[in-house]
Structures are given as C-alpha cells and as structure tokens.
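What follows is a set of notes on a single structure, which appears directly below.
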Amino acid sequence: VAADEVPAPPTAPRVEVMAVELEARRYRVRSLGEIRPAAEHRITVRAPGRVRSVHADVGDRVEAGHVLLRLDPRRGGLALERAQTSVERAEVDLRRAEQELKRIRRLRGRRVVGDQALEQAEARAELARAALADAKAADRLAHLDLSEGTVRAPIDGIVTRRAVEPGQRVQPAESLMILDAESLEVATWISERDVRGSRIGDAARVGLWGRESGWTANVAEIGRRADPRTGNFPVRLRLGHDGDARVGLTVEVEFEIRADTAAVKIPEKAVVTRGRRLAVFVVEDGVARRVHPRLGPPLDGQVPVFEGLAAGQSVVVDGATRIVDGAHVEMVP
9 VAADEVPAPP TAPRVEVMAV ELEARRYRVR SLGEIRPAAE HRITVRAPGR
59 VRSVHADVGD RVEAGHVLLR LDPRRGGLAL ERAQTSVERA EVDLRRAEQE
109 LKRIRRLRGR RVVGDQALEQ AEARAELARA ALADAKAADR LAHLDLSEGT
159 VRAPIDGIVT RRAVEPGQRV QPAESLMILD AESLEVATWI SERDVRGSRI
209 GDAARVGLWG RESGWTANVA EIGRRADPRT GNFPVRLRLG HDGDARVGLT
259 VEVEFEIRAD TAAVKIPEKA VVTRGRRLAV FVVEDGVARR VHPRLGPPLD
309 GQVPVFEGLA AGQSVVVDGA TRIVDGAHVE MVP
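Counted the way the numbering used here counts, the sequence shown spans residues 9 to 341.
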C-alpha cells in the first residue's frame, strides 16, 4: 500500500430494528367439550285429543311452520258447536232479562211495584250479562283448541326424538317430539384461573382427538357461577361451521387466554444462537449489545420475553446473524 493511500473505514452493517412494546400476554389452554344443539324444543299440544296424523320422523329436517302432527278435529268441532250453542242461549236469556228490566222500570215509575222488584230485575240482567261473557270466552277457547289441533315446527331444525303415533290420545303435558336447532354449540368448562382472561366473542378451536382439521368457534356465554364440586365455570361456544359436526361428539377445545399481566414480545426472527445460547441484540447509541433474555416458547411468530428486555429498547429484528457484540450498526426502522 502506498504511503499516501489511507484505507476506507469499514461500513457499518445495516440492521432493521423495532422498539419493544408491552402487550397483553396470552397463553393457551385445552379442555374437553360436547357438541350440542344451540336450542332444543319440546313439541307438545295445548289441548287433549287424539292424533289424526304425524308428518315428521326422526332425522327429518323441517322448516319453521312445517306441520308436525294434526289432532282429530271431531272432538274440537263438537266442543265448538257446544260453545256456540251456549252463546246463543245466553244471548236469548240476556234479551229476556233486559226486556223484563225495562218493564219493571216502567211499572216502578207508575208506582205499581216497589224497589225490591226493581233490584231483583236489575240483578237478573246483570247475571245474564255475566253468563253471556262466560259463554263467549268458552267459544273463543273452543276456536283456539280447534286451530291448535295442527301443531307446526316453531323453528328450522332436525327431529331427534318422536314419541307419538296416529290414533294415540295425547295430553298437554306430554313431550311428543324433540326438535333440535340446526345450529350447534359446544358445552365445556374453564378453570377459575383462566376464566378471568376470557371474554364473550373470543375465538377458540374445536376438534376431534387425533385430527388436524376442526372447526372455528366463538365464546357465546361464560357462566357466572362455578360448579361447587370442581370450581370450574361453564362455557358455551357457538360453532362457526358445523357441516361435519354431530350432536353428542366429545371434542377438544383450545382457548387463548389473556394473562393478568402484560409482557414483552419480540418477533421470532430477532432471536439468534450465540455460544449455544439464545440471544438478542439491542442497539444503544448505534452499538449492538448482545443480551440473553429469558424467553418463552414461540407462538404465531412471536416470542414472549419474561426477563432481560424492557419496553422502549431497540431490538434488531433483521440482520442479527451478521453482527457481533459491540459492533457499530446503521439502524433501519
């Protein structure tokens, strides 16, 4: 090298840095659950009667309004005729009582009868009005019973139980069919420690044992009272896609829970190996310093840092493999 030639200073490597931030720490928990229908309806009748026909069987998918069964209308028809006859008779009795009341009032005006006769006539008219009101109520009830002889599905769903046959006499208290809503949910439990970090709407994964595929779900309800035997809280999840799901299946549920305290997280690519130890480079005043923080397992490309880094520090996230401790670097944000 000539005496008048001066070597150019080495170029500082360019590295990409990011400022460390605190964020809510999350961890995963697993529990077992059971797939259930989102709603279950017991099909009953409002009035006793004999079943004339049944129009749905176990496994059938029905829409809201679909006819499930019909009762024999003859009993309802006879009851309606009897109620209508009672109304007509009560109307005749009321007209007679009102006519008699008018006659007594005229006689009382001429002082032919006394106050007692007028009071008795008024009482008979009032009783006739009450009798007519009762008869009309019975008539409305008979109409209702006749119309309710046709039992329809209250929701879209699947018939999962049938306990009725044509010709069978049924009573209002009997459960004749079970109709499950087509949408499904998962019933599971979560511990007292984890329930504090769960929220309505949180995402969860639901799957069968030993299978990679599964279903997405969201927390729909978190119980307010723990089971006194286990101390766990009931959780209800709404399945996002349940085309392959079946009621009664036991599934594994994976939750992502918020920790009580915030934590530092850094990108997984910021972690390098130096001397068989995991290391991170922090840049201060243009100089890269190697630190060995206590790290947790990576999750979705992020590594939790439990000790050794603080919020606000500049961490090298790209280019760390090309630098050594104490090296001058050029930071690229």
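Even glycine gets a Cβ: it sits at the ideal position worked out from N, Cα and C. These numbers come from a predicted model, not from an experiment.
Beta-carbon separation (whole angstroms), residue i vs residue j, contact threshold 8 Å
i, j, result
"L76", "G157", "So it is not a contact: roughly 12 Å between Cβ atoms."
"I208", "V194", "About 15 Å separates the two Cβ atoms, so there is no contact after all."
"P301", "E315", "6 Å"
"R113", "L126", "7 Å"
"A267", "R34", "7 Å"
"G165", "E190", "6 Å"
"R219", "E262", "Rounded, the Cβ-Cβ distance is 13 Å, inconsistent with contact."
"A161", "G304", "Their Cβ separation, rounded to whole angstroms, is 52 Å, which puts A161 and G304 out of contact at 8 Å."
"I51", "L184", "5 Å"
"L290", "V323", "Note on residue identity: the sequence assigns Val, not Leu, to residue 290. Confirmed, about 6 Å."
"E264", "D210", "7 Å"
"A133", "A105", "4 Å"
"V62", "V172", "6 Å"
"E99", "A129", "Rounded, the Cβ-Cβ distance is 18 Å, inconsistent with contact."
"V255", "V313", "That pair is no contact at about 44 Å."
Range covered by the beta strand (DSSP E) that runs through residue i
i, result
"Q310", "310-315"
"L286", "285-292"
"T158", "158-160"
"I166", "165-170"
"R118", "First-last for R118: undefined, no H or E at that position."
"S322", "322-326"
"E173", "Careful: E173 lies outside any beta strand (DSSP E) and carries neither H nor E."
"E48", "48-51"
"E24", "22-27"
"L257", "Careful: L257 lies outside any beta strand (DSSP E) and carries neither H nor E."
"D188", "185-189"
"P242", "241-247"
"E338", "338-340"
"L77", "75-79"
"V62", "57-62"
"V299", "295-299"
"R282", "280-282"
Close Cβ partners of residue i (< 7 Å) along its chain, the five nearest in sequence each way excluded
i, result
"G327", "P21, R22, V23, E24"
"A234", "E200, N240, F241"
"P275", "G309, Q310, V325"
"K144", "V95"
"V203", "I230, F241"
"G320", "A27, V28"
"R111", "none"
"R253", "What sits at residue 253 in the sequence shown is Ala, not Arg. Counting only Cβ-Cβ distances below 7 Å, and skipping sequence neighbours, we find I43, L192, W223, L247."
Cutoff 6 Å; reference residue i; Cβ partners in own chain excluding five residues on either side
i, result
"Q124", "none"
"R69", "I166"
"G215", "G222, E260"
"G334", "none"
"R58", "D80, R177"
"G205", "I265, R266"
"P56", "Q179"
"A16", "The predicted position of A16 is uncertain, since its pLDDT is 48 and thus under 50; no value can be drawn from it."
Residues near residue i in its chain [Cβ-Cβ closer than 8 Å; skip 5 each side]
i, result
"G294", "A20, H336, V337, E338, M339"
"A10", "No answer about A10 holds up, because its pLDDT of 49 lies below 50 and its placement is not dependable."
"L163", "Here residue 163 is Ile; the residue named in the question, Leu, does not match the sequence. Cβ neighbours of I163 beyond the five flanking positions: A47, H49, A72, L187, A189."
"R297", "F289, V290, V291, D333, G334"
"R38", "E260, V261, E262, F263"
Quiz item: Considering only residues of the segment 191-238, which uninterrupted beta strand (DSSP E) runs meet the minimum length of 3 residues and lie entirely inside it, listed in chain order?
Solution: 192-198, 211-215, 222-230
Quiz prompt | Stretch pair the segment 214-225 + the segment 173-180: three plus CB contacts closer than 8 Å | solution = no
Quiz item: Are the segment 324-339 and the segment 278-294 touching, with three or more C-beta to C-beta distances below 8 Å?
Solution: yes
Practice problem: For the segment 191-206 and the segment 228-247, state whether three or more C-beta atom pairs, one from each stretch, are separated by less than 8 Å. | Solution: yes
Quiz item: Would you say the segment 130-139 touches the segment 32-50, given that touching needs at least three Cβ pairs under 8 Å?
Solution: no
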